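Q: Here my numbering is used: the first residue of the sequence shown is 166, the next is one more, and so on.
Think of the CB as a built atom: it goes at the ideal place given N, C-alpha and C, for glycine as much as any other residue.
Bear in mind the structure is a predicted one, so any value in this text is a computation, not a measurement.
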Amino acid sequence: MNSNKDKLVIFDTTLRDGEQSPGASMTKEEKIRIATMLERMRVDVIEAGFAIASQGDFEAVQAVAETVKDSRVCSLARAVGPDILRAGEALKNANASRIHTFIATSPIHMKYKLQMEPEDVLRQAVEAVKTARQFTDDVEFSLEDGSRSEPDFMYRIIEEVIKAGAGTINIPDTVGYGEPGEYGAMFKRVIENVPNSDKAIFSTHCHNDLGLAVANSLSAVMNGVRQVECTINGLGERAGNASLEEIVMAVRTRQDLYPVETRIDTSHIVPTSRLVSSITGFPVQPNKAIVGANAFAHESGIHQDGVLKHRETYEIMRAEDVGWGQNRLVLGKHSGRAAVKARYEELGVTFADSAEFNVLFQRFKDLADKKHEIFDEDLQSLISGAAEPVEHYQLVDLEVRSKSGSNPQAQLELKIDGENRSCNAEGSGPVDATFKAIESVVGSNADLKLYSVNAVTQGTDSQGSVTVRLERDGKLVNGVGADTDILVASAKAYLDALNLLASKSRKPEGV
Ligand code: KIV
Ligand code: ZN
Numbered sequence: 166m167n168s169n170k171d172k173l174v175i176f177d178t179t180l181r182d183g184e185q186s187p188g189a190s191m192t193k194e195e196k197i198r199i200a201t202m203l204e205r206m207r208v209d210v211i212e213a214g215f216a217i218a219s220q221g222d223f224e225a226v227q228a229v230a231e232t233v234k235d236s237r238v239c240s241l242a243r244a245v246g247p248d249i250l251r252a253g254e255a256l257k258n259a260n261a262s263r264i265h266t267f268i269a270t271s272p273i274h275m276k277y278k279l280q281m282e283p284e285d286v287l288r289q290a291v292e293a294v295k296t297a298r299q300f301t302d303d304v305e306f307s308l309e310d311g312s313r314s315e316p317d318f319m320y321r322i323i324e325e326v327i328k329a330g331a332g333t334i335n336i337p338d339t340v341g342y343g344e345p346g347e348y349g350a351m352f353k354r355v356i357e358n359v360p361n362s363d364k365a366i367f368s369t370h371c372h373n374d375l376g377l378a379v380a381n382s383l384s385a386v387m388n389g390v391r392q393v394e395c396t397i398n399g400l401g402e403r404a405g406n407a408s409l410e411e412i413v414m415a416v417r418t419r420q421d422l423y424p425v426e427t428r429i430d431t432s433h434i435v436p437t438s439r440l441v442s443s444i445t446g447f448p449v450q451p452n453k454a455i456v457g458a459n460a461f462a463h464e465s466g467i468h469q470d471g472v473l474k475h476r477e478t479y480e481i482m483r484a485e486d487v488g489w490g491q492n493r494l495v496l497g498k499h500s501g502r503a504a505v506k507a508r509y510e511e512l513g514v515t516f517a518d519s520a521e522f523n524v525l526f527q528r529f530k531d532l533a534d535k536k537h538e539i540f541d542e543d544l545q546s547l548i549s550g551a552a553e554p555v556e557h558y559q560l561v562d563l564e565v566r567s568k569s570g571s572n573p574q575a576q577l578e579l580k581i582d583g584e585n586r587s588c589n590a591e592g593s594g595p596v597d598a599t600f601k602a603i604e605s606v607v608g609s610n611a612d613l614k615l616y617s618v619n620a621v622t623q624g625t626d627s628q629g630s631v632t633v634r635l636e637r638d639g640k641l642v643n644g645v646g647a648d649t650d651i652l653v654a655s656a657k658a659y660l661d662a663l664n665l666l667a668s669k670s671r672k673p674e675g676v
């Protein structure tokens, strides 16, 4: 790192705020996989979850804390004793831990949500920070809805929580209402008006409701902020959070402007983006900055000509610096177990036991029979569901007949809790027929909220990666499936979503 620049702390909250996106919930094993990639990328702080939210969240924070060694691991906690105790307990084996405690400070949140007087909010915040300090010497305090809070109240509460031992002060734009000039100026005033502001690092946490999350975060950096909270692919509540890859690459590409630098190894950005997308089932839009499939593709003749003559005419970053083009042809039909396992490990995928690896190896063999060249993206597409202890619904066989001018017919054989069941249906298209056939035996009563197909790699032999989002009783899940046959991928994605829904109910439907 260049010594005359300040360090910008990269705080990744993909596993906490990212997971709060509808349908993006992740298993403990999936969180460990993503955390391992974030650690390789040299993220400074990984917010692994909200330990008190559920037993699953607690165990995921605990597992990430026990796995990750080079990044600090953090748990969120409301500013109340039981939350902080639970966070402290989950983090107790971490190499380096942080408790991130928060309370709302805006008039609207205090009056209607908390129904508390500002003085009580202040007292509770100070108490929470003191309690958190009993578990770790690294405590972050967030003023929820900070960007809509009264300046004088913010100054007081920040001064008091710093005195109580908070080392990082985060002022989130919780509702994505901020505007870059205004949000940056707010930090400048806070830093000038809080007498002990030099004792803490100030942090931004921006939501993207107006599409300004990255711009707001960078404006805050220009005004003294030295930690940015962000997520891979901008995953997060509603319109998402500030995207890690955009922040990191903006700061790196515009070294002439920003007074900071990060320690991120940017070559891991694209593989991590792919991993998050395949685990959550949230595709990355092709024109997404840095990680979208078209981010470095020059289509127009004028651009291509310029790039060929002198790359910098149209390219401000090098694709390989963010991890594009590293997707080597890795494996093929004759590759053995050791080679496949080693490549998975390089991709940050570890296996709890040999049974879990066996499931993946079989999927690899099946794919290699159909597709000669297996790329990293293919390997990642095989991961979904491999670590699940029980798959209630499995696809055994699928046949679809489709002819122009008549309705397609789908005939499937499924395995439902070990028992083979046949089903068939007619639909307005082949996918519709396939889903109707599945529903004719399962009867899930779930609503289909999203169906999307994306090519995993290039070429017509590419696998299609399908995402199916289902909702039932307020629970949203994203099922994913990949196959060289997109109808098979669609059936797998639908069944994956049904498995996710069933994993929370006592008995699977259709049995
Ligand atoms: O958006 C927000 O305010 C949050 C806080 C809990 C930091 O996520
Ligand atoms: Zn948030």
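#1: Can you tell me whether Asn664 is buried or exposed, with buried defined as 16 or more other CB within 10 angstroms of its CB?
#2: Spatial neighbours of Arg313 within its chain, please: CB distance less than 6 Å, with the 5 preceding and 5 following residues excluded, ordered by chain position.
#3: Using DSSP's beta-bridge definition, name the partner residues of Arg119.
#4: Can you give the Cα-Cα distance for Arg528 and Asp421, rounded to whole angstroms?
#5: Quick check on the DSSP output: the beta strand (DSSP E) that includes Arg637 runs from which residue to which?
#6: Which residue's Cα is closest to the Cα of Asn361: Gln628, Ile334, Pro345 and Thr625?
#7: Pick out whichever of Glu394, Asn459, Met482 and Met387 has its Cα sitting closest to the Cα of Thr418.
#8: To the nearest angstrom, report how far apart Val449 and Ile397 are at their CA atoms.
#9: Can you give the Cα-Cα distance for Asn492 and Gly513, rounded to whole angstroms?
#10: Thinking C-alpha only, which one of His475, Ala460, Asp597 and Phe352 is nearest Gln576?
#11: Can you confirm whether the stretch 362 to 373 touches the stretch 387 to 394 when touching is taken to mean that 3 or more C-beta pairs between the two stretches lie within less than 8 Å?
#12: Quick check: the stretch 629 to 643 against the stretch 437 to 447, are at least 3 beta-carbon pairs closer than 8 Å?
#13: For Glu195, is the classification buried or exposed, using 16 other Cβ atoms within 10 angstroms of its Cβ as the cut-off for buried?
#14: Taking only runs of the alpha helix (DSSP H) that begin and end inside the stretch 214 to 238, which ones reach a length of at least 4 residues, in chain order?
#15: In three-state DSSP terms, what is Arg181?
#16: Is it the case that the CB of Thr339 approaches a heavy atom of the ligand KIV more closely than 6 Å?
#17: Using the Cβ count rule (16 or more neighbours within 10 Å means buried), how would you classify Asn258?
#18: Would you report the Cα separation of Phe306 and Val326, rounded to the nearest angstrom?
#19: Could you give the distance in angstroms between the alpha-carbon of Tyr348 and the alpha-carbon of Asn381?
#20: What separation, rounded to the nearest whole angstrom, lies between the Cα atoms of Met202 and Thr192?
#21: Confirm the yes/no value for this check: CB of Asp310, any heavy atom of the ligand ZN, distance under 6 Å.
A: Let's see:
#1: For the purposes of this step, residue 664 is taken as the residue at position 499 of the sequence shown. Classification for Asn664: buried.
#2: Within the sequence shown, the letter at position 148 stands for residue 313. Counting only Cβ-Cβ distances below 6 Å, and skipping sequence neighbours, we find Ser271.
#3: No answer is possible for residue 119: the residues shown for the chain start at 166 and end at 676.
#4: Against the sequence shown, residue 528 aligns to sequence position 363. Against the sequence shown, residue 421 aligns to sequence position 256. Going from the Cα of Arg528 to the Cα of Asp421 covers about 48 Å.
#5: For this step, residue 637 is matched to residue 472 along the sequence shown. Its beta strand (DSSP E) spans residues Gly629 to Arg637.
#6: As a position in the sequence shown, residue 361 is number 196, starting the count at 1. Answer by Cα proximity: Ile334.
#7: Stepping through the sequence shown from its first residue, residue 418 is reached at position 253. Taking the Cα of Thr418 as reference, the smallest distance to any Cα among Glu394, Asn459, Met482 and Met387 is reached at Met482.
#8: For this step, residue 449 is matched to residue 284 along the sequence shown. For this step, residue 397 is matched to residue 232 along the sequence shown. Going from the Cα of Val449 to the Cα of Ile397 covers about 10 Å.
#9: Numbered from 1 along the sequence shown, position 327 holds the residue referred to as residue 492. Numbered from 1 along the sequence shown, position 348 holds the residue referred to as residue 513. Residue placement at Asn492 cannot be trusted, given a pLDDT of 49 that sits under 50; the coordinates are not used to answer.
#10: Locating residue 576 in the sequence shown gives position 411, counting from the first residue. The shortest Cα separation from Gln576 among His475, Ala460, Asp597 and Phe352 belongs to Asp597.
#11: Three or more beta-carbon pairs drawn from the stretch 387 to 394 and the stretch 362 to 373 are found closer than 8 Å, and the two stretches are therefore classed as touching.
#12: At 8 Å Cβ cutoff, the stretches touch.
#13: The residue labelled residue 195 in the question sits at position 30 within the sequence shown. Glu195 sits buried, since 16 or more C-beta atoms from the chains shown fall within 10 Å of its C-beta.
#14: Whole alpha helix (DSSP H) segments, 4+ residues: 220 to 232.
#15: On the sequence shown, position 16 is the one that residue 181 refers to. In the structure shown, Arg181 adopts coil according to DSSP, grouped into three states.
#16: By one-based count along the sequence shown, residue 339 stands at place 174. With a cut-off of 6 Å, the C-beta of Thr339 is classified as near the ligand KIV, since at least one heavy atom of the ligand falls inside that distance.
#17: Looking up residue 258 in the sequence shown gives position 93. Classification for Asn258: exposed.
#18: Taking the first residue of the sequence shown as position 1, residue 306 is located at position 141. Taking the first residue of the sequence shown as position 1, residue 326 is located at position 161. Between Phe306 and Val326, the C-alpha separation is close to 7 Å.
#19: Here residue 348 is taken as the residue at index 183 of the sequence shown, counted from 1. Here residue 381 is taken as the residue at index 216 of the sequence shown, counted from 1. Cα to Cα, Tyr348 sits roughly 6 Å from Asn381.
#20: What you label residue 202 is simply residue 37 of the sequence shown in a count that begins at 1. What you label residue 192 is simply residue 27 of the sequence shown in a count that begins at 1. If I take the Cα positions, the gap works out to 16 Å.
#21: The residue given as residue 310 occupies position 145 in the sequence shown. Annotation for Asp310 indicates a beta carbon at 6 Å or more from all heavy atoms of the ligand ZN.
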